[in-house]
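Contents: one structure, followed by commentary.
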Amino acid sequence: MSWEKVLIYALITLILVAILNQPSEQVIKSEKVDVEQKNEVQDSTQQEDVPSYDAPKYHIYGGWMNGGSYILIKSDGDDGEGRAKFTLEKFTKTGKDKIIKNFQLSESTGSKLTGIISSKESNKTSFLTLELNKEKTEITVRLPNEKPVKYKQTEINPQEFNPDYEWEE
Numbered sequence: 641m642s643w644e645k646v647l648i649y650a651l652i653t654l655i656l657v658a659i660l661n662q663p664s665e666q667v668i669k670s671e672k673v674d675v676e677q678k679n680e681v682q683d684s685t686q687q688e689d690v691p692s693y694d695a696p697k698y699h700i701y702g703g704w705m706n707g708g709s710y711i712l713i714k715s716d717g718d719d720g721e722g723r724a725k726f727t728l729e730k731f732t733k734t735g736k737d738k739i740i741k742n743f744q745l746s747e748s749t750g751s752k753l754t755g756i757i758s759s760k761e762s763n764k765t766s767f768l769t770l771e772l773n774k775e776k777t778e779i780t781v782r783l784p785n786e787k788p789v790k791y792k793q794t795e796i797n798p799q800e801f802n803p804d805y806e807w808e809e
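Per this note's numbering, the very first residue in the sequence shown carries number 641; after that it's consecutive.
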């Protein structure tokens, strides 16, 4: 063997020994998680079982209103694959109708959540976005083919918002 090859093998060996003798470090990051009280509007005859692991992650449960409409966001559970399912019910101040959207969260980026709306009547899917303000007191809802609507969190229940609606007993 030539002296150049011996020198190269010696350098490689020294580098490998130096790498393997390095003390291993394990970095553990601790994250502070704010757990806020959920404001849920509940009917006294029906209570929602909301999985506790969803509470710190999503602050969307409960009633939200603006001048002319009210939305109620409830948990629909989990499909077993770790994806949270929700129901969004929308009421108008004077209307006799309610719009129900079932959706599943697909991704979230900070305070912006994207959901997939599924329809039982057809195989079509569409998207909605929910964007919370920093204080989590306002939510902007973007439904398909509609302009974004901003709602404020409220303690008022749907029956108080629209007493003319024919509520199920």
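Cβ atoms here follow ideal geometry from the backbone N, Cα and C, with glycine treated the same way.
Bear in mind the structure is a predicted one, so any value in this text is a computation, not a measurement.
Counting the other Cβ atoms within 10 Å of the Cβ of I711 gives 16 or more, which makes it buried.
Annotated as distal: K730 and D716, with beta-carbon spacing of 8 Å or more. Contact check for E775 against K792 fails: the beta carbons are separated by 8 Å or more. Y701 counts as buried, since no fewer than 16 other beta carbons sit within 10 angstroms of its beta carbon.
Looking at the DSSP output, L753 shares a beta bridge with S748 and L770. For the 8 Å CB-CB criterion, T754 and F767 form a contact. By the 16-neighbour rule on beta-carbons within 10 angstroms, T765 is exposed. Between N802 and K714 a beta carbon distance of about 17 Å is seen, past the 8 Å cut, so the two are scored as non-contacting. Boundaries of the alpha helix (DSSP H) around E800: P798 to F801. About 6 Å separates the Cβ atoms of W704 and T794, confirming a contact at the 8 Å cut-off. Of S751, E806 and V789, the smallest CA-CA separation from G707 is found for V789.
A residue is called buried when at least 16 other Cβ atoms come within 10 angstroms of its Cβ; P798 meets this threshold and is buried.
If you check the CB distance, S746 and E771 do not come in under 8 Å. For T653, the uninterrupted alpha helix (DSSP H) segment begins and ends at W643 to L660. The Cβ atoms of K741 and L728 sit closer than 8 Å to each other. Rounded to the nearest whole angstrom, the CA to CA distance from K645 to T653 is 12 Å.
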